[in-house]
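This report refers to the structure that appears directly beneath it.
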(Lines of atoms letter the chains of each structure in order from A; the text may use other names.)
(Lines give C-alpha, C1' and ligand atoms only; values in the text may rest on other atoms or scores of the structure.)
Protein backbone atom coordinates (compact mmCIF):
# COMPACT_ATOMS: atom_id res chain seq x y z
CA UNK A 1 0.00 0.00 0.00
CA UNK A 2 1.30 3.44 -0.91
CA UNK A 3 2.05 5.72 1.99
CA UNK A 4 1.36 9.40 1.61
CA UNK A 5 4.49 11.46 1.07
CA UNK A 6 4.47 14.76 2.91
CA UNK A 7 5.63 18.14 1.66
CA UNK A 8 8.60 18.03 4.04
CA UNK A 9 9.68 14.72 2.53
CA UNK A 10 9.58 16.22 -0.97
CA UNK A 11 11.63 19.17 0.29
CA UNK A 12 14.17 16.73 1.74
CA UNK A 13 14.26 14.89 -1.59
CA UNK A 14 14.76 18.17 -3.49
CA UNK A 15 17.60 19.22 -1.17
CA UNK A 16 19.28 15.83 -1.52
CA UNK A 17 18.89 16.09 -5.31
CA UNK A 18 20.59 19.47 -5.27
CA UNK A 19 23.47 18.10 -3.20
CA UNK A 20 23.92 15.15 -5.57
CA UNK A 21 23.82 17.42 -8.66
CA UNK A 22 26.50 19.66 -7.13
CA UNK A 23 28.69 16.64 -6.33
CA UNK A 24 28.24 15.22 -9.84
CA UNK A 25 29.08 18.55 -11.49
CA UNK A 26 32.01 19.49 -9.22
CA UNK A 27 34.80 18.07 -11.43
CA UNK A 28 33.37 19.89 -14.46
CA UNK A 29 32.91 23.16 -12.59
CA UNK A 30 36.42 22.91 -11.20
CA UNK A 31 37.79 22.31 -14.70
CA UNK A 32 35.82 25.20 -16.14
CA UNK A 33 36.76 27.75 -13.49
CA UNK A 34 40.45 26.79 -13.23
CA UNK A 35 41.21 26.63 -16.95
CA UNK A 36 43.84 29.25 -17.84
CA UNK A 37 42.67 32.18 -19.98
CA UNK A 38 44.63 31.05 -23.04
CA UNK A 39 42.95 27.62 -23.03
CA UNK A 40 39.40 26.32 -23.39
CA UNK A 41 37.74 23.72 -21.17
CA UNK A 42 35.95 21.18 -23.38
CA UNK A 43 33.53 19.96 -20.72
CA UNK A 44 35.22 16.56 -20.59
CA UNK A 45 36.84 14.99 -17.55
CA UNK A 46 36.75 11.34 -18.66
CA UNK A 47 37.74 9.98 -22.07
CA UNK A 48 34.39 8.20 -22.34
CA UNK A 49 32.64 11.58 -22.64
CA UNK A 50 34.11 12.02 -26.13
CA UNK A 51 32.21 9.00 -27.43
CA UNK A 52 29.01 10.38 -25.87
CA UNK A 53 29.57 13.76 -27.52
CA UNK A 54 30.25 11.95 -30.77
CA UNK A 55 26.87 10.16 -30.65
CA UNK A 56 25.10 13.42 -29.80
CA UNK A 57 26.79 15.02 -32.80
CA UNK A 58 25.81 12.16 -35.10
CA UNK A 59 22.17 12.55 -34.01
CA UNK A 60 22.40 16.31 -34.62
CA UNK A 61 23.50 15.51 -38.16
CA UNK A 62 20.40 13.35 -38.68
CA UNK A 63 21.77 9.85 -38.09
CA UNK A 64 19.62 7.34 -36.22
CA UNK A 65 22.30 4.65 -36.05
CA UNK A 66 25.69 5.50 -34.63
CA UNK A 67 29.33 4.64 -35.21
CA UNK A 68 31.94 4.46 -32.50
CA UNK A 69 34.67 6.77 -33.80
CA UNK A 70 36.94 5.86 -30.88
CA UNK A 71 37.79 2.33 -31.96
CA UNK A 72 40.38 1.10 -34.42
CA UNK A 73 37.94 -1.37 -35.99
CA UNK A 74 36.29 -0.43 -39.26
CA UNK A 75 32.51 -0.72 -38.95
CA UNK A 76 29.20 0.63 -40.19
CA UNK A 77 26.76 2.71 -38.17
CA UNK A 78 24.85 -0.06 -36.37
CA UNK A 79 24.41 1.15 -32.80
CA UNK A 80 20.95 2.41 -31.86
CA UNK A 81 21.10 4.52 -28.72
CA UNK A 82 17.70 6.17 -28.11
CA UNK A 83 18.97 8.39 -25.30
CA UNK A 84 21.73 9.90 -27.41
CA UNK A 85 19.34 10.22 -30.33
CA UNK A 86 17.00 12.23 -28.10
CA UNK A 87 19.91 14.32 -26.80
CA UNK A 88 21.16 15.06 -30.30
CA UNK A 89 17.73 16.05 -31.56
CA UNK A 90 17.24 18.26 -28.49
CA UNK A 91 20.62 19.92 -29.11
CA UNK A 92 19.77 20.49 -32.78
CA UNK A 93 16.31 21.93 -32.08
CA UNK A 94 17.53 24.33 -29.38
CA UNK A 95 20.94 24.98 -30.98
CA UNK A 96 22.88 23.87 -27.88
CA UNK A 97 26.42 22.56 -27.66
CA UNK A 98 26.95 18.84 -27.19
CA UNK A 99 28.66 19.40 -23.84
CA UNK A 100 25.84 21.57 -22.49
CA UNK A 101 23.22 19.08 -23.70
CA UNK A 102 25.06 16.16 -22.11
CA UNK A 103 25.35 17.89 -18.73
CA UNK A 104 21.79 19.23 -18.89
CA UNK A 105 20.41 15.72 -19.41
CA UNK A 106 22.66 14.41 -16.66
CA UNK A 107 21.16 16.92 -14.22
CA UNK A 108 17.58 16.23 -15.32
CA UNK A 109 17.99 12.46 -15.02
CA UNK A 110 19.74 12.62 -11.64
CA UNK A 111 16.88 14.68 -10.23
CA UNK A 112 14.22 12.47 -11.84
CA UNK A 113 15.92 9.32 -10.55
CA UNK A 114 16.04 10.57 -6.97
CA UNK A 115 12.37 11.58 -6.94
CA UNK A 116 11.23 8.31 -8.55
CA UNK A 117 13.45 6.34 -6.18
CA UNK A 118 11.90 8.07 -3.17
CA UNK A 119 8.41 7.30 -4.46
CA UNK A 120 9.46 3.66 -4.92
CA UNK A 121 11.03 3.53 -1.46
CA UNK A 122 7.77 4.82 0.04
CA UNK A 123 6.07 1.62 -1.14
CA UNK A 124 8.25 -0.46 1.18
CA UNK A 125 8.80 1.81 4.18
CA UNK A 126 6.04 3.38 6.23
CA UNK A 127 8.27 5.36 8.59
CA UNK A 128 9.56 8.63 7.15
CA UNK A 129 12.97 8.32 8.78
CA UNK A 130 13.47 4.87 7.24
CA UNK A 131 12.59 6.25 3.80
CA UNK A 132 15.07 9.09 4.15
CA UNK A 133 17.85 6.81 5.38
CA UNK A 134 17.19 4.41 2.52
CA UNK A 135 17.33 7.22 -0.03
CA UNK A 136 20.59 8.59 1.38
CA UNK A 137 22.14 5.11 1.33
CA UNK A 138 20.92 4.63 -2.25
CA UNK A 139 22.38 7.94 -3.37
CA UNK A 140 25.79 7.56 -1.73
CA UNK A 141 26.49 3.86 -2.21
CA UNK A 142 27.87 2.19 -5.28
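In the working numbering, the protein residues as written are 1 to 142. Just so you know, even glycine gets a beta-carbon here, dropped at the ideal spot from N, CA and C. Since the structure is predicted, the reported quantities are computational estimates derived from the model, not experimental observations.
With a threshold of 16 other CB atoms inside 10 Å of the CB of residue i, please say whether the residue is buried or exposed.
i	result
residue 88	buried
residue 114	buried
residue 66	buried
residue 77	exposed
residue 58	buried
residue 129	exposed
For residue i versus residue j, is the C-beta spacing smaller than 8 Å?
i	j	result
residue 137	residue 21	no
residue 56	residue 79	no
residue 28	residue 103	yes
Please go through the same chain and pick out, in chain order, the residues whose beta-carbon is closer than 7 Å to the beta-carbon of residue i, but skip the five residues on each side of it.
i	result
residue 24	106, 110
residue 117	135, 138
Just the Cα atoms here: how many angstroms apart are residue i and residue j?
i	j	result
residue 69	residue 62	16 Å
residue 42	residue 97	11 Å
Handout entry: Sufficient close CB pairs (3 or more, under 8 Å) joining the stretch 11 to 19 to the stretch 28 to 37
Key = no
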